[in-house]
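Enquirer:
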DNA sequence: ATAAACCTTAGAGCACACACTAAGGTCAAG
DNA sequence: CTTGACCTTAGTGTGTGCTCTAAGGTTTAT
Ligand SMILES: [Zn+2]
Ligand SMILES: [Zn+2]
Ligand SMILES: [Zn+2]
Ligand SMILES: [Zn+2]
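Residue numbers (the working numbering), protein chains in the order written: chain S, 632 to 768; chain W, 632 to 768.
This is the structure:
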């Protein structure tokens, strides 16, 4: 299967596939005589693995680690895989907490402002940002 | 006040201040005869405004918009400021929702794995990523 | 034979927010 | 008068995940 068909089957761009090859996430099994990439069913499975991992929030470099483990399963433990997953989950939780603080602060700010069409001379959002320390504490 | 003292008062680096100047967020009021930046109390207030806006989640380009409004309050309305704030809040909410899905999926994955020290040959995390479509749906 | 559609590479660009470097000028203390 | 801390500029590097470009080669259909 050439790159164009492979890409459209997966719903990604050919650029993305070349990018993944460059970054050692997926290399087409073989090349045609004219040098075109020739993808196999195995490649399809691997690409689906990658896309699923992306869908649950893993970054490409984390996926690279997962692939290494997948290729050499006997040399890695469940412990290791679970740790990667839990670490990722914790990082996500930290980011959620930060964004939740942002959301809260922005709501507080928005609630203070009348939102009218008059000039912003006394806009509470601006004056709050000018005057008050520790908005987030 | 020279850049070093100014920076340490605010808890940022001198690099950051030069970066902000380059990107039109804050330019020191004046320069000394030898070309050193000379920051004023007004600069201090503006920098605090910027840092507070960052603290509630605004990006630097959004802060630039806020500063434009702040400088020309009469030419902008409360409506405009509130809209910026609410749009940002909505974006944050979207991102939180995405991360929450990630968190959920990662929890499901982690719960399936025994986390033991045996080889990962049958690790449920890996097999789930290999075999199952629509993990997130 | 030629046009359209496909493929190749290397490399640049984007958004974000800095951090770091090199090569040099300035200033206060000893 | 020299040392060391500070300052200047312009430019490069970091991490993330692509996207796009330029300049060209290949394949298929008409
Ligand atoms: Zn108002
Ligand atoms: Zn207002
Ligand atoms: Zn296990
Ligand atoms: Zn496992």
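The beta-carbon is built from N, C-alpha and C at its ideal position, and this holds for glycine as well. This one's a predicted model, so the numbers in the text were calculated from it and none came from an experiment.
Short of 8 Å in beta carbon distance, which residues of its chain neighbour residue 669(S), apart from the five on each side in sequence? Order them along the chain.
Expert: Position 38 of the first chain, counted from the start, is the residue given in the question as residue 669(S). Once the five neighbours on either side are set aside, the close Cβ partners of residue 669(S) are 632, 633, 659, 660, 661, 662 and 663.
Enquirer: Write down the C-beta distance between residue 710(W) and residue 748(S) rounded to the nearest angstrom, noting that I regard them as a contact closer than 8 Å.
Expert: Numbered from 1 along the second chain, position 79 holds the residue referred to as residue 710(W). Numbered from 1 along the first chain, position 117 holds the residue referred to as residue 748(S). The pair is a contact, with the Cβ atoms about 5 Å apart (cut-off 8 Å).
Enquirer: Please state the DSSP three-state secondary structure of residue 661(S).
Expert: By 1-based counting over the first chain, the position of residue 661(S) is 30. Three-state DSSP puts residue 661(S) in a strand.
Enquirer: So, under 8 Å CB-CB, residue 751(W) and residue 704(S) are touching, yes? Tell me the CB distance rounded to an integer number of Å.
Expert: For the purposes of this step, residue 751(W) is taken as the residue at position 120 of the second chain. For the purposes of this step, residue 704(S) is taken as the residue at position 73 of the first chain. 5 Å between Cβ atoms; contact.
Enquirer: Does the distance between the C-beta of residue 749(S) and the nearest non-hydrogen atom of ligand 1 fall short of 7 Å?
Expert: The residue given as residue 749(S) occupies position 118 in the first chain. Checking every heavy atom of ligand 1 against the Cβ of residue 749(S), one is found closer than 7 Å.
Enquirer: Return the CA-CA distance between residue 679(S) and residue 637(S), expressed in angstroms with no decimal places.
Expert: Numbered from its first residue, the first chain carries residue 679(S) at position 48. Numbered from its first residue, the first chain carries residue 637(S) at position 6. Going by the C-alpha atoms only, they are around 11 Å apart.
Enquirer: So if DSSP puts residue 669(S) in a beta bridge, which residue, or which two residues, is it bridged to?
Expert: Here residue 669(S) corresponds to residue number 38 of the first chain, with the count starting at 1. Note: residue 669(S) sits in a beta bridge opposite 661(S).
Enquirer: Among 673(S), 682(S), 656(S) and 733(S), which has the Cα closest to the Cα of residue 643(S)?
Expert: Within the first chain, residue 643(S) is the residue found at index 12, counting from 1. With distances taken between Cα atoms, residue 643(S) lies closest to 682(S).
Enquirer: Kindly indicate if chain S contains any beta-carbon less than 8 Å away from that of residue 767(W).
Expert: Sequence index remark: in the second chain, residue 767(W) carries index 136 (1-based). Residue placement at residue 767(W) is poorly supported in this model, since its pLDDT is 45, which falls under 50; the coordinates still yield a value, given next. With 8 Å as the cut-off, residue 767(W) counts as an interface residue toward chain S.
Enquirer: Does the beta-carbon of residue 709(W), which I'm using as the reference point, lie nearer than 7 Å to any heavy atom of ligand 1?
Expert: Against the second chain, residue 709(W) aligns to sequence position 78. Yes, Cβ of residue 709(W) sits closer than 7 Å to a heavy atom of ligand 1.
Enquirer: Who pairs with residue 801(W) in a beta bridge, going by DSSP?
Expert: Outside the displayed range of chain W (632 to 768) lies residue 801(W), so it cannot be described from this structure.
Enquirer: Given 8 Å as the limit, is there contact between the stretch 755 to 763 of chain S and the stretch 687 to 705 of chain W, that is, 3 or more CB pairs closer than that?
Expert: Counting Cβ pairs under 8 Å, three or more are found: they touch.
Enquirer: Taking residue 702(W) as the query, report the chain S residues whose CB atoms sit under 9 Å from its CB, ordered along the chain.
Expert: Here residue 702(W) is taken as the residue at index 71 of the second chain, counted from 1. In chain order: nothing, as chain S lies at least about 11 Å away.
Enquirer: Check whether the Cβ of residue 688(S) lies closer than 8 Å to any Cβ atom in chain W.
Expert: Mapped onto the first chain, residue 688(S) falls at position 57. Judged by the 8 Å Cβ criterion, residue 688(S) is in contact with chain W.
Enquirer: Less than 8 Å between C-beta atoms, sequence neighbours within five positions excluded: which residues of the same chain meet that for residue 693(W)?
Expert: Your numbering for residue 693(W) matches position 62 in the second chain. Cβ within range, chain order: 684, 715 and 719.
Enquirer: Can you tell me which of 654(S), 652(S) and 677(S) puts its alpha carbon nearest to the alpha carbon of residue 641(S)?
Expert: Counted from its first residue, the first chain places residue 641(S) at position 10. Nearest of 654(S), 652(S) and 677(S) to residue 641(S), Cα basis: 677(S).
Enquirer: Cβ of residue 646(W) within 8 Å of Cβ of residue 657(W)?
Expert: In the second chain, residue 646(W) corresponds to position 15, counting from 1. In the second chain, residue 657(W) corresponds to position 26, counting from 1. Contact: no.
Enquirer: Does residue 747(S) get closer than 8 Å to chain W when you measure Cβ to Cβ?
Expert: In the first chain, residue 747(S) corresponds to position 116, counting from 1. Yes - at least one Cβ of chain W is within 8 Å of the one on residue 747(S).
Enquirer: Is it buried or exposed for residue 688(S), if we count other Cβ within 10 angstroms and need 16 for buried?
Expert: In the first chain, residue 688(S) corresponds to position 57, counting from 1. Burial call: buried.
Enquirer: Answer with yes or no whether the minimum CB distance from residue 637(W) to chain S is below 8 Å.
Expert: If you number the second chain from 1, residue 637(W) lands on position 6. So no, residue 637(W) is outside the interface.
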